[in-house]
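**Q** Convert by adding 19 to the 1-based position in the sequence shown; the result is the number in my numbering. Yeah, the Cβ is synthetic: ideal placement off N, Cα and C, and Gly gets one too. Have a look at this one before I ask anything.
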Amino acid sequence: MGIWLEAWQYALAHADRVLAALVQHLRLVAVPLAIGLAIGLPLGLASARSRLAAAVLVNGAYSLRLLPSLAVLFLAMPYLGLTFRAAAVALTLLVVPPIVASTDAAFRNLSAEVREAAAGMGLSPCQRFWRIELPLALPMVLAGVKTATIEAIASATLAAFIGVGGLGSFVMLGFSLYDEAILLVGAVPIAALALLAEGVLSALQRWCQPP
20 MGIWLEAWQY
30 ALAHADRVLA
40 ALVQHLRLVA
50 VPLAIGLAIG
60 LPLGLASARS
70 RLAAAVLVNG
80 AYSLRLLPSL
90 AVLFLAMPYL
100 GLTFRAAAVA
110 LTLLVVPPIV
120 ASTDAAFRNL
130 SAEVREAAAG
140 MGLSPCQRFW
150 RIELPLALPM
160 VLAGVKTATI
170 EAIASATLAA
180 FIGVGGLGSF
190 VMLGFSLYDE
200 AILLVGAVPI
210 AALALLAEGV
220 LSALQRWCQP
230 P
């Protein structure tokens, strides 16, 4: 119990730094996630429409997932320096693959009967997409977004290694000082953010599930 009390007292004594780190951590998640959605959703949709595109995009996405985030971060440093942009590039490469893969699977697995029924109703391709295909595919797409979000929250911790900040700065400081209380000041909010994202996106996924 002592270490938790120490962590709480440290967090209260450095509340301004903790709050600033939390805001920076959220920024490190939100920016790559927004870019990842803007890139991954169209690529996943294109992949679902074409076998050739699927072979390139999905396999490329899975190959990107094999790259360690820290390695990408250090590779970006010579070109982008010790900056927020370097961290954003590394995290964007992390979040794009699950979004591409889930979007591809969501639209590819829609049954031909559903598409034929929609066409039989006289709906245009645009109307079929927005009224029929997207609502049916959305739960699986959100599954990929959930995976990407949780991975981004966890991996944003690594941005502290290049001095960009975030909650990972407390984790790194705790490791360097062998101080578990300081480490917990960073680790607990990171875990809480991941659990919150999991809960919110799972609830949204269930809400979007067709009856």
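1. Which runs of the alpha helix (DSSP H) fall wholly inside the region 128-185 and span at least 4 residues, in chain order?
2. Taking C-alpha atoms, which residue in Trp226, Gly187, Ser195, Glu25 lies nearest to alanine 210?
3. So leucine 47 and alanine 106 are in contact, right, with Cβ under 8 Å, and what is the actual spacing, rounded?
4. Can you look up serine 69 in the DSSP assignment and give me helix, strand or coil?
5. Using a Cβ-Cβ cut-off of 6 Å (strictly less than) and excluding sequence neighbours within five positions of phenylalanine 189, which residues of its own chain qualify?
6. Mind checking whether methionine 159 and serine 221 have CB atoms under 8 Å apart?
7. Is there contact between the region 172-184 and the region 145-161, where contact requires at least three CB pairs shorter than 8 Å?
8. If distances are taken between C-alpha atoms only, which option among Met140, Ala167, Val183, Gly79 comes closest to isoleucine 54?
9. Residue range of the alpha helix (DSSP H) that glutamine 228 falls in?
10. How would you call leucine 215, buried or exposed, if buried means at least 16 neighbouring beta carbons within 10 angstroms?
11. Express the C-alpha separation of asparagine 78 and valine 37 in angstroms, rounding to a whole number.
12. Would you mind stating whether phenylalanine 126 and leucine 24 have Cβ atoms separated by less than 8 Å?
13. Apart from the five residues on each side of it in sequence, which residues of its chain come closer than 6 Å, Cβ to Cβ, to glutamine 224?
14. Taking C-beta to C-beta, are aspartate 123 and alanine 67 nearer than 8 Å?
15. Do you know offhand how far serine 130's Cα is from valine 108's?
16. Between methionine 191 and proline 61, what straight-line distance do the alpha-carbon atoms span, to the nearest angstrom?
17. Quick check: the Cα distance between arginine 147 and isoleucine 22, rounded to an integer number of angstroms?
18. Taking C-alpha atoms, which residue in Arg104, Gly59, Leu155 lies nearest to isoleucine 181?
19. Unbroken beta strand (DSSP E) runs of length 3 or more, entirely within the region 42-67: which are they?
**A** In short:
1. For the region 128-185, the full-length alpha helix (DSSP H) segments reaching 4 residues or more read 131-139, 144-147, 153-174 along the chain.
2. Counted from its first residue, the sequence shown places residue 210 at position 191. For the options Trp226, Gly187, Ser195, Glu25, the alpha carbon positioned closest to that of alanine 210 is the one of Gly187.
3. If you number the sequence shown from 1, residue 47 lands on position 28. If you number the sequence shown from 1, residue 106 lands on position 87. About 6 Å; that satisfies the 8 Å criterion.
4. Taking the first residue of the sequence shown as 1, we reach residue 69 at position 50. It is coil, neither helix nor strand.
5. On the sequence shown, residue 189 is found 170 positions in, with the first residue counted as 1. Same-chain partners within the cutoff: Ile201, Val204, Gly205.
6. Counted from its first residue, the sequence shown places residue 159 at position 140. Counted from its first residue, the sequence shown places residue 221 at position 202. It is not a contact, given that the beta carbons lie outside the stated cut-off.
7. The region 172-184, when compared against the region 145-161, does not touch it at the 8 Å Cβ threshold.
8. In the sequence shown, the residue the question calls residue 54 occupies position 35. Here the closest residue by C-alpha is Ala167.
9. The count along the sequence shown starts at 1 and reaches residue 228 at position 209. Careful: glutamine 228 lies outside any alpha helix (DSSP H) and carries neither H nor E.
10. As a working mapping, residue 215 is identified with position 196 in the sequence shown. By the 10 Å Cβ count, leucine 215 comes out exposed.
11. Counted from its first residue, the sequence shown places residue 37 at position 18. Counted from its first residue, the sequence shown places residue 78 at position 59. Computed Cα separation, rounded: 40 Å.
12. The residue labelled residue 126 in the question sits at position 107 within the sequence shown. The residue labelled residue 24 in the question sits at position 5 within the sequence shown. In this structure, leucine 24 does not lie closer than 8 Å to phenylalanine 126 by Cβ.
13. Locating residue 224 in the sequence shown gives position 205, where the first residue counts as 1. Hits under 6 Å: Pro158, Leu161.
14. As a first step, residue 123 is located in the sequence shown; it is residue number 104 there, counting from the start. As a first step, residue 67 is located in the sequence shown; it is residue number 48 there, counting from the start. For aspartate 123 and alanine 67, yes; Cβs fall inside 8 Å.
15. Within the sequence shown, the letter at position 111 stands for residue 130. Within the sequence shown, the letter at position 89 stands for residue 108. The C-alpha of valine 108 is placed about 36 Å away from the C-alpha of serine 130.
16. For the purposes of this step, residue 191 is taken as residue 172 along the sequence shown, with counting starting at 1. For the purposes of this step, residue 61 is taken as residue 42 along the sequence shown, with counting starting at 1. About 37 Å.
17. Position 128 of the sequence shown, counted from the start, is the residue given in the question as residue 147. Position 3 of the sequence shown, counted from the start, is the residue given in the question as residue 22. Here the alpha carbons of isoleucine 22 and arginine 147 stand approximately 57 Å from one another.
18. Position 162 of the sequence shown, counting from 1, holds the residue named residue 181. The shortest Cα separation from isoleucine 181 among Arg104, Gly59, Leu155 belongs to Arg104.
19. Taken in chain order, no unbroken stretch of beta strand (DSSP E) lies wholly in the region 42-67 with a span of 3 residues or more.
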